[in-house]
Every structure is written in C-alpha cells, then in structure tokens.
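The listed protein sequences correspond, in order, to chains A and B.
The first sequence finishes on residue 318 if you use our numbering, and the numbering steps up by one all the way, no holes.
The second sequence finishes on residue 611 if you use our numbering, and the numbering steps up by one all the way, no holes.
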Amino acid sequence: MSRGQGWRRAIVLAAIAIACALPFLLSNFRLFQFTQVFIYAIALLGLNILTGFNGQISLGHGAFYALGAYTTAIMIDRWSVPYGWTIPVAGLLCLTAGFLFGIPALRLEGLYLALATFALALAVPQILKYFEHWTGGSQGIVLSKPGAPLGLTLSPDQWLYFVTLGVLILLFVLGANLLRGRTGRAIVAIRDNPIAAQAMGVNGALYKSLTFGVSAAYTGVAGALSALAIAFVAPDAFNVFLSITFLVGIVIGGLASISGAIFGGLFVQFVPNWAQEISKAAPWAIYGIFLIVFMYAMPRGIVGALRLAGARLARFRG
Amino acid sequence: MEIFLQQVVSGLATGGIYGSVALALVMIYQATDVVNFAQGEMAMFSTYLAWSMLNAGVPYWAAFFATLAVAFVCGVVIERVVIRPVENAPVLTIVIVCIGLLVILNSVAGWIYSYIQKPFPSPFPEKPITIGNIFFGAHDLGALGVTLLVLLLLYVFFRYTTLGLAMRAAAQNPVSSRLCGIRVGWMLALGWGLAALVGAVAGLMIAPIVFLDPTMMSGILIYAFASATLGGFTSPGGAVLGGLLVGVIENLVGTYVKFIGTELKLTVALAMILVVLLVRPSGLFGRVAVHRV
Chain A
1 MSRGQGWRRA IVLAAIAIAC ALPFLLSNFR LFQFTQVFIY AIALLGLNIL TGFNGQISLG
61 HGAFYALGAY TTAIMIDRWS VPYGWTIPVA GLLCLTAGFL FGIPALRLEG LYLALATFAL
121 ALAVPQILKY FEHWTGGSQG IVLSKPGAPL GLTLSPDQWL YFVTLGVLIL LFVLGANLLR
181 GRTGRAIVAI RDNPIAAQAM GVNGALYKSL TFGVSAAYTG VAGALSALAI AFVAPDAFNV
241 FLSITFLVGI VIGGLASISG AIFGGLFVQF VPNWAQEISK AAPWAIYGIF LIVFMYAMPR
301 GIVGALRLAG ARLARFRG
Chain B
319 MEIFLQQVVS GLATGGIYGS VALALVMIYQ ATDVVNFAQG EMAMFSTYLA WSMLNAGVPY
379 WAAFFATLAV AFVCGVVIER VVIRPVENAP VLTIVIVCIG LLVILNSVAG WIYSYIQKPF
439 PSPFPEKPIT IGNIFFGAHD LGALGVTLLV LLLLYVFFRY TTLGLAMRAA AQNPVSSRLC
499 GIRVGWMLAL GWGLAALVGA VAGLMIAPIV FLDPTMMSGI LIYAFASATL GGFTSPGGAV
559 LGGLLVGVIE NLVGTYVKFI GTELKLTVAL AMILVVLLVR PSGLFGRVAV HRV
C-alpha cells in the first residue's frame, strides 16, 4: 500500500467515525439535515456516474428520485410492505426504468440529451398529479417515520440517520469498486473516446444504457430514503429545480470523483440556508453569487481544487 | 370546423411567443455554443425596466427602444463580466454559472419589484379583428408580426453585413477567424448582446398576455426549448416555425383528445420533443453536425 492510499484510508475511516458520533452530539433537526446531506450524496453519486464518468448529461434525475420516493410511499401506504423492503425494490425499479430510458438516449448526446432528460424532469409533477388514484394527486401521501427495531433506544431521526449512513457506505463502496475495475475503465473510455473504446471491444451501447440504469438506481434509492426521512411525498417537491440542484451538486463537488458527491451534498443542503441567513429579502441572489464565485474559484469543483492543492504541495515538498 | 380554426389561430398566437424566445435561445447557441438558461430571466428583467420607464411617463415606443438599447448593453456586459472568466472551463461549469445568473436575476427582480403580478400595456389596439366567425386578437397578430420582423432583420444582418459574417465565422471556427483579424471575444459579447435584445422584444410582447411577474418566463422558456428542439438548434427560422407548431399542436391536442385535456398539455409538448429528438435529433430544419474522426 502506497503512502497516498494509506492517508486516504485514514481520512475515510475518520470521516465514518465522526459520522457515527454525530447523532449523539446534534439536535434532531441538525441530524435531519445531515440525513438529507447523505441522501443527496447518494443521488449525486448516481448522477456523477452518468455525467462525470460516462459523459452523458442528465437534467432529469429528479424523475428517478421521484420514482424511488413514490415506490416507497405507495408500497408502505397501500400495501403495508415493511419499509426495509421498499428500498431495494425502488432501486430495482429505477434500474429498469433508467436502462429503458438509456436505450433511446443512445442516439442523443450533449445538448440534445440534456434537453430530452430535461423534458422528462418537467413532465414528472404533471404525471404524478394525473394518476391520482395511486399517488394521492397534489395532496401527496403522508407516511409515519419508522422507529428503531429490537428495543434500541434511538429516536426515529437517529435511527433513520443510521439507516441512511449504512446505505450510503454500502453504495459508495459498491460504486468505488465498480468504477475502479474493468467496467469503470470501459465507462470512462466511452466518455473520452467512444470510437477508440469500440475498437478495443467495449460494447458502447450496452455500457451506456447500463450506466444509465445504475445511475438511475442510485438516485431511486436516494428518493426512497428521502420519502422515509421526510415521511411525506408530493408532486411539487419533484420539480425541475430538483434536477438542476443535482447537476449543481455534482459540478460544485467535482465531476468524475466519488468523494465529490459528499461535498456536493453538503453544498446543496447548507448553502441555501446560509444564503437565507445572510439576506432574508433576496436569498436566492446570494445563492446565485455563491454559485458563480465557486465556479470562478474552482472551475473543476471542490475535489478538483483539492487535487490541485495536493499536487502543488507534493511538488513543493518533492 | 369553426372551433378547429379558432384553436389553430389561438395556437399560432401563443406559438409566436414561444418562437420569439426560442429565437433568442438559438441566437446565443449559434454565436457562442452555450444554451443560456438565464435567457428567460434576462428578458423578464428587461421587461421590468420598460415597466419602470412607462410608469415614469415615458411614451410606449420611446420606452420600447430604450429598453432594447439597455438590454443590448446589459447582454454585452454580462458576457464580459460574468461569462468571460469561465470561457475556457468545461461546458457544465458555464451552465452552472448561467443557472447562478438565473437565480440572481429572478431574486433581485422579486426584491425590487415584489412578486405581485402587474398588468403591462400593449402597443396594439384592444379591439379584436374578426374574419368570418374567427377572432384574431390584435395584440396576438401584432406580436407575431414583430417576431417575424425581428427574424427578417436578423437574417439580413447575418447574411448581408460584414459584422454578421464575422460573428458567424467567430462561432464556427474561432482560431481561423482570429488569424483573419476578427476579435473573437468581442463577437461573442455582441452575440450575447443581440440575444438579450431579442429576448427583451419577446418579453415586451409576452408581458401583456401573461402579466408581469418575476416567474413569468419560466413556463414559456420550457416551451421555447421545445420549439428550438423541434425547429433545430442551428436554425433561427426553424425555431420560429417550431414555436408556431408547438403552439398549434398543444392547443389542438388539448381540445380534441379528451383524456389529455388541459392537465397533461405540457406532457404532450414534452412527448413531442422526445419523438422529434429520437427521429431527427437535429430538429426539423437543423443542420446535421458532422464530426471529423
């Protein structure tokens, strides 16, 4: 194990240790916010696999997030399925939906793909309202927060925090392994030079639609968790702005980086709140300024800036 | 038959509006290769400026042209100040900067002018024009006329003037253009200025119909995207025609297909985009991009 890898492992372990300690240090409201950060991070990793690693821009991941959330809500509310089962089902359903959407998307690239997925995101609230029988229309579906099992003395918020953290770690390890291996190299090769990748024997069409499916599955799982954490789903929560927020998250965090998803999650969760505190009158103006300044200072996102700083430091020492 | 014709006419009226915003989008895309997400908000802000002038007692057409001038200057300034620093960054970075611009303009407009809807005057007479049993709104006709006039002027500008030629060259092949002595950076700024101007015209024509408020453009921008996709992102005329088509189809489907009604109208427009993208990804009138391998 090289020195760099050892450091990285130490940082990851320290971060997990801190994450495990947080529930006993923070108020329930703060904890809920961190649960949201983790949920965003899972969705962002999903989108980053597609956009950052595979080079397919999606402005429609809010649709898969909504699909995951509604799968969970309908299964719990209508069929009284235990909530633990709804998360993998949501993931599988989104995997299939993403794969199927990925097939026509093969013909599109760049701007045109962005527009097609944008259309998907736009259609979601209307479609959800239309199938009122299933989705409860614009009223949405109210759920109750699941409590901790086996007599654990945790509040529902604390329990959900740990569930989310567990899913996050599982999905990040899976994602890291997927991207590090042969499959990951194929995914990146398709982004960098599709023709060369084909010539090397990579099945471009299959990999691209599978990547779409996996990406959608991550986002769907995040949506399912958000339905549990907020204990409420309604069509207007899944508007276009959600999809744009995801895109902002991955670019701010850093494209094509796994840890970038965490930084992106922190940004999209906390920066709007800070903006609100700075200016009650025009919070979104402050948010917009934050966005632009961030992009000036770090055109390649937070992880890009950290990498640059690391490289400079190494050269300085070396 | 009468209902059909009336629906077509009112579809053309709304379609003209979609077309004018689509035209502005296509202009920026052609001049700079960026899809400007802040386009709608820039148009909205210009319209508020016009409203301020009208409130101060400036006559309509004076305010109209003053707004266009201000919008042009603002477009140039935005390119120079906000976009230029990230010119060489990845495309997604530029997209995020545009999104930042969008939320800033929206929020500042709400802050200065409040979120309450305001009526906005039309330069055209109120009395509808009737041919047979079909009503034409005078403003709708006027707005369509203005859009077509703008399209014609742009065509003449890009086709027959040296500056227009230089702008096209700068967008198509920046390196060679620079070698020919074209100041590519300024051409991009001019492109933004022109697009802001076209957007301002669109805003001024739309405001009397949808009323003026900071979110007035968000719905229309979506349809404008649909129109530009349908017509092709590389064809200004196609964008306007795409707008008219989207307007008419949306109206007819809403009237005649019962289970869709008004609730799923937007979804229909979007399904249309998807179909167009799958069958002809470059749009009905767009140039097919050819890549050298």
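We treat Cβ as the ideally placed atom computed from N, Cα and C, and that holds for glycine.
(request) Closer than 7 Å by C-beta to valine 566 of chain B: which residues in its own chain qualify, once you throw out the five before and the five after it? Chain order, please. (result) Excluding five sequence positions before and after valine 566 of chain B, the CB atoms of its chain that fall closer than 7 Å to its own CB belong to Val326, Gly329, Leu330, Gly333, given in chain order.
(message) For a cutoff of 7 Å on Cβ pairs, would you count valine 404 of chain B as touching chain A?
(response) With a threshold of 7 Å between beta carbons, valine 404 of chain B makes contact with chain A.
(request) With a threshold of 16 other CB atoms inside 10 Å of the CB of leucine 95 of chain A, please say whether the residue is buried or exposed. (result) It is buried - the Cβ of leucine 95 of chain A has at least 16 other Cβ atoms within 10 Å.
(request) Check whether the Cβ of glycine 52 of chain A lies closer than 7 Å to any Cβ atom in chain B. (result) Judged by the 7 Å Cβ criterion, glycine 52 of chain A is not in contact with chain B.
(request) Return the bridge partner residues of valine 564 of chain B from the DSSP annotation. (result) None, per the DSSP bridge assignment.
(message) Let me make sure I understand the geometry here. Which of B:Leu470, B:Leu596, B:Gln490 has the alpha-carbon closest to that of glycine 555 of chain B?
(response) The shortest C-alpha to C-alpha distance from glycine 555 of chain B to any of B:Leu470, B:Leu596, B:Gln490 is the one to B:Leu470.
(request) Could you please give the first and the last residue of the uninterrupted beta strand (DSSP E) stretch that includes threonine 448 of chain B? (result) Annotation for threonine 448 of chain B: the continuous beta strand (DSSP E) segment containing it runs 447-449.
(request) For serine 226 of chain A, count neighbouring C-beta atoms within 10 Å of its own C-beta (all shown protein chains included) and say buried if the count is 16 or more, exposed if not. (result) Around the CB of serine 226 of chain A, 16 or more other CB atoms lie within 10 Å, so the residue is classed as buried.
(request) Anything in chain B within Cβ reach of methionine 295 of chain A, meaning under 9 Å, just list it in chain order. (result) Those are Pro403, Val404, Ala407, Thr411, Ile412, Ile414, Val415, Gly418, listed as they occur along chain B.
(message) Give me the subset of the segment 244-267 of chain A whose CB atoms are less than 9 Å from a CB atom of chain B, sorted by chain position.
(response) Here the close residues are Ile244, Leu247, Val248, Ile250, Val251, Ile252, Leu255.
(request) Could you tell me the distance, in whole angstroms, from the CA atom of alanine 487 of chain B to the CA atom of glycine 358 of chain B? (result) If you draw a straight line from the Cα of alanine 487 of chain B to the Cα of glycine 358 of chain B, it comes to about 26 Å.
(message) Against chain B, with Cβ distances strictly below 7 Å, would methionine 1 of chain A count as a contact?
(response) Annotation note: pLDDT 48 at methionine 1 of chain A (below 50); position unreliable, no value reported.
(message) My output table needs one value for methionine 1 of chain A: the three-state DSSP class, helix, strand or coil.
(response) Note that methionine 1 of chain A scores a pLDDT of 48, beneath 50, so its modelled location is shaky; the value from the coordinates is reported in the next line. Of the three classes helix, strand and coil, the one that applies to methionine 1 of chain A here is coil, per DSSP.
(request) Taking only beta carbons into account, state which residues of the segment 338-356 of chain B come closer than 7 Å to chain A, listed in chain order. (result) Answer in chain order: Val353.
(message) Would you call the segment 52-64 of chain A in contact with the segment 177-193 of chain A, where contact means no fewer than 3 C-beta pairs closer than 8 Å?
(response) Contact between the segment 52-64 of chain A and the segment 177-193 of chain A is established, with three or more Cβ pairs separated by less than 8 Å.
(message) I need the boundaries of the alpha helix (DSSP H) containing isoleucine 42 of chain A, first residue and last residue.
(response) 28-48 is the span of the alpha helix (DSSP H), which, as asked, contains isoleucine 42 of chain A.
(message) So, for valine 464 of chain B: in the same chain, excluding its five sequence neighbours on each side, which residues have a beta-carbon less than 7 Å away from its beta-carbon?
(response) Excluding sequence positions up to five before and after valine 464 of chain B, its CB lies within less than 7 Å of the CB of Val519, Met523, all in the same chain and listed in chain order.
(message) Nearest by alpha-carbon distance to glycine 549 of chain B: which of B:Pro526, B:Asp531, B:Val606 is it?
(response) Minimum Cα-Cα distance from glycine 549 of chain B among the listed residues B:Pro526, B:Asp531, B:Val606 corresponds to B:Val606.
(request) Decide if serine 220 of chain A is buried, meaning its Cβ has at least 16 other Cβ atoms within 10 Å, or exposed. (result) Looking at the sequence itself, residue 220 of chain A is glycine, so the reference to serine does not match. Buried, because 16 or more other Cβ atoms sit within 10 Å of the Cβ of glycine 220 of chain A.
(request) May I ask you to list, following chain order, the residues of the segment 549-574 of chain B that have a beta carbon less than 8 Å from some beta carbon of chain A? (result) Only Phe551 from the segment 549-574 of chain B bring a Cβ to less than 8 Å from some Cβ of chain A.
(request) Pick out the complete alpha helix (DSSP H) segments inside the segment 429-467 of chain B, 4 residues or longer, and give them in chain order. (result) For the segment 429-467 of chain B, not one full-length alpha helix (DSSP H) segment reaches 4 residues or more.
(message) If you measure between the beta carbons of asparagine 462 of chain B and methionine 345 of chain B, is that distance less than 7 Å?
(response) Note that residue 462 of chain B is leucine in the sequence shown here, rather than asparagine. The Cβ atoms of leucine 462 of chain B and methionine 345 of chain B do not sit closer than 7 Å to each other.
(request) Closer than 8 Å, Cβ to Cβ, to anything on chain B: give me those residues from the segment 118-145 of chain A, in chain order. (result) Of all residues in the segment 118-145 of chain A, the ones placed with a Cβ closer than 8 Å to any Cβ belonging to chain B are Phe118, Ala119, Leu120, Leu122, Ala123, Gln126, Ile127, Lys129, Tyr130, in chain order.
(request) Would you mind working out which of A:Gly136, A:Ala10, A:Ala15 sits nearest phenylalanine 263 of chain A, comparing C-alpha positions? (result) For the residues A:Gly136, A:Ala10, A:Ala15, the minimum Cα distance to phenylalanine 263 of chain A belongs to A:Ala15.
(request) Using beta-carbon positions only, say whether leucine 108 of chain A and alanine 116 of chain A come within less than 7 Å of one another. (result) Contact annotation: leucine 108 of chain A and alanine 116 of chain A have beta-carbon atoms nearer than 7 Å.
(message) Run through chain A and tell me which residues come within less than 7 Å of proline 532 of chain B, C-beta to C-beta.
(response) Within chain A, no residue comes near proline 532 of chain B; the closest Cβ sits about 10 Å away, beyond 7 Å.
(message) If we define contact as Cβ-Cβ less than 7 Å, is proline 299 of chain A a contact residue for chain B?
(response) True, the Cβ-Cβ gap to chain B drops below 7 Å.
(message) Considering only heavy atoms of the ligand SAH, does any lie closer than 6 Å to the CB of alanine 309 of chain A?
(response) Summarising the ligand content, the structure contains no ligands, and the ligand SAH is consequently not present.
(message) Given a cut-off of 7 Å on the beta-carbon distance, is the pair valine 142 of chain A and phenylalanine 238 of chain A in contact?
(response) No, the Cβ-Cβ distance between valine 142 of chain A and phenylalanine 238 of chain A is not below 7 Å.
(request) Kindly confirm or deny that the segment 85-101 of chain A and the segment 243-250 of chain A touch, where touching means at least three C-beta pairs closer than 8 Å. (result) Counting Cβ pairs under 8 Å, fewer than three are found: no touch.
(message) With a threshold of 7 Å on Cβ separation, who are the neighbours of methionine 298 of chain A within its own chain once the five nearest residues in sequence on each side are excluded?
(response) Answer for methionine 298 of chain A: Gly304, Ala305, listed in chain order.
(request) Report the neighbours of isoleucine 330 of chain A on chain B: residues whose CB is nearer than 8 Å to its CB, in chain order. (result) The shown model of chain A, from 1 to 318, leaves out residue 330 of chain A, and the question about it has no answer.
(request) Taking methionine 295 of chain A as part of the alpha helix (DSSP H), name the residues at either end of that continuous run. (result) Counting along the chain, the unbroken alpha helix (DSSP H) around methionine 295 of chain A starts and ends at 283-297.
(message) I'd like to know whether the C-beta of tyrosine 112 of chain A is nearer than 7 Å to at least one C-beta of chain B.
(response) At a cut-off of 7 Å between beta carbons, tyrosine 112 of chain A contacts chain B.
(request) Starting from the C-beta of valine 271 of chain A, find all residues in its chain whose C-beta is less than 8 Å away, skip the five residues before and the five after it, and write them out in chain order. (result) Within its own chain, the residues whose Cβ lies closer than 8 Å to the Cβ of valine 271 of chain A, once the five positions on either side in sequence are excluded, are Tyr287, Phe290, listed in chain order.
(message) Would phenylalanine 355 of chain B and leucine 420 of chain B be called neighbours here (beta carbons separated by less than 7 Å)?
(response) Between phenylalanine 355 of chain B and leucine 420 of chain B, the C-beta gap is smaller than 7 Å, which places the two residues in contact.
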